[in-house]
Amino acid sequence: MHQDQQQSLFQARIIASVAATILSLACGTNYVYSAWAPQFAERLKLSSTESNLIGLAGNLGMYTLGMPIGIFVDHRGPRPAVLGGAIFMLFGYFPLHQAYHRGSGSVMLMCLFSYMTGLGGCMAFAAAVKTSALNWPNHRGTATAFPLAAFGLSAFFFSFIGAVFFPGDPSAFLELLAWGTFGLTFGSFFFLKVHHEQAEYEAVPASDETPSLPSTDSQQLRPGSSDEPKPYRSSRAEDEPDIRGLALVRSVSFWHLFVIMAILAGVGLMTINNIGNDAKALWKHYDKNVTDEFLVHRQQMHVSTLSICSFLGRLLSGESHVNPRLRSPVLTISFRRGFGLFGEQASRQQTLVSCRRLRSLHLRSSVRIEH
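My numbering numbers the first residue of the sequence shown as 29 and each following residue consecutively.
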């Protein structure tokens, strides 16, 4: 009987993990912004600054309310956050689709709608990671690696579908983002559950005599005692400090994690948010007759490449947390790649550009610096 319960629990957790992974595919769609932003800006006659503001609003929606959303998920559970995320993403992307279809729209309103897409993705993603971590308490590194990796793969997933079914059509692609994110998130809601392991029961001894208990235990189990029974905690857990709230600011480990997550690990975000404009500027610089449909394909290709690399990096980071044998190779690859890029940039002969070229930085993407 106990084995059947364990098997049933395992299957339920697998289903919840699959739902969390599928849900995460809908949460990273802000990274696909570069695939449709150049054509969106061209149709609505937006400047480069206005286009970047709309993309920035989506990222702000993803990151500015992370802490309140985390607290909400802790207190209310993951499922309400999933519903909220589905609604925010639908009502964020669909007005953007309508604005492109009409060819006009307020920049402030479009920034608001973009912010809603990021906020919805943050809510749903927090719920996915929370569910995965709680369902697999002894394998949290691997369990959370899958939704994290799916989050990074989101841009490739939607870019691939858009390239296959809606080639060169940003309007249909935006509609795909609206209904696709809502469908994936809302569909995963029904399977995203936390399954706790059932406590085991032991038979009561047949003898009238019960073994004597230490005084501390008898006080905890005595009816009417002021000290309520407390769950079992190991001595190691009792020795660990409980750091939360503003106490985190005084923790050195918190600042180490903050530097890694907020400064070092977000460099790729700058690239993926501007790769669409970069590709468009470079192609039009060397080929004046390039078509818009061709440019859309090239933009989607670059976004997909970055998305796949993000997926692999996130997945390997989770596995290296569980398997120490992978930790050293992952760190070695990261160090060598970073050192190689630094040496390449240091050895390249570059020329100083004029102020006129600096003003067209986002349009030409060919700024070089002289040593």
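Where a beta carbon is used, it is the ideal one built from N, C-alpha and C, also for glycine.
Examine the Cβ distances between the region 137 to 153 and the region 114 to 126 and report whether three or more of them are shorter than 8 Å. yes
Leu-162 to Arg-41, Cα distance in whole Å? Start at 1 with the first residue of the sequence shown, and residue 162 comes out as number 134. Start at 1 with the first residue of the sequence shown, and residue 41 comes out as number 13. If you take the alpha carbons of Leu-162 and Arg-41, they lie about 10 Å apart.
According to DSSP, is Cys-337 helix, strand or coil? Taking the sequence shown and counting its residues from 1, one reaches residue 337 at position 309. Three-state DSSP puts Cys-337 in a helix.
Taking the alpha-carbon positions, what's the Leu-93 to Val-60 distance? Here residue 93 is taken as the residue at index 65 of the sequence shown, counted from 1. Here residue 60 is taken as the residue at index 32 of the sequence shown, counted from 1. Rounded to whole angstroms, Leu-93 to Val-60 spans 21 Å at the Cα level.
Three or more C-beta pairs closer than 8 Å, one from the region 103 to 114 and one from the region 186 to 197: is that the case here? no
Suppose contacts are defined by Cβ-Cβ distances below 9 Å. Is Leu-111 in contact with Phe-217 by that definition? Along the sequence shown, read from residue 1 onward, the residue named residue 111 stands at position 83. Along the sequence shown, read from residue 1 onward, the residue named residue 217 stands at position 189. Yes.
Please report the straight-line C-alpha distance between Gln-67 and Gln-31, rounded to a whole angstrom. Within the sequence shown, numbered from 1, the residue matching residue 67 stands at position 39. Within the sequence shown, numbered from 1, the residue matching residue 31 stands at position 3. Answer to the nearest angstrom: the Cα atoms are 57 Å apart.
Cβ neighbours of Ser-36 in the same chain (closer than 6 Å, five flanking residues each side left out): By 1-based counting over the sequence shown, the position of residue 36 is 8. Here the set comprises nothing.
Exposed or buried, which one is Ser-132 when buried takes at least 16 other CB atoms within 10 Å? Counted from its first residue, the sequence shown places residue 132 at position 104. Exposed, by the Cβ-count rule.
Cut-off 8 Å between Cβ atoms - residues of its own chain near Ala-69, not counting five sequence neighbours on either side: Here residue 69 refers to the residue found at position 41 when the sequence shown is read from its first residue. So the qualifying residues of the chain are Ser-75, Ser-76, Glu-78, Ser-79.
Closest to His-330 by C-alpha separation, out of Ala-47, Ile-50, Ser-62, Gln-33, would be which residue? By 1-based counting over the sequence shown, the position of residue 330 is 302. Here the closest residue by C-alpha is Ser-62.
State the DSSP-derived secondary structure class of Ala-54, mapped to helix, strand or coil. Looking up residue 54 in the sequence shown gives position 26. Ala-54 falls in the coil class under three-state DSSP.
His-224, DSSP secondary structure in three states: On the sequence shown, residue 224 is found 196 positions in, with the first residue counted as 1. Coil at His-224, not helix or strand.
Using the beta-carbon count (16 or more within 10 Å), is Trp-64 buried or exposed? Position 36 of the sequence shown, counting from 1, holds the residue named residue 64. So Trp-64 counts as buried.
Nearest-angstrom Cα separation, counted from Leu-204 out to Gly-190: Within the sequence shown, residue 190 is the residue found at index 162, counting from 1. Within the sequence shown, residue 204 is the residue found at index 176, counting from 1. The straight-line gap from Cα to Cα measures roughly 8 Å.
Would you tell me roughly how many angstroms separate the C-alpha atoms of Gln-33 and Ala-275, rounded to the nearest one? Reading the sequence shown from its first residue, position 5 is the one you call residue 33. Reading the sequence shown from its first residue, position 247 is the one you call residue 275. Roughly 41 Å between the two C-alpha positions.
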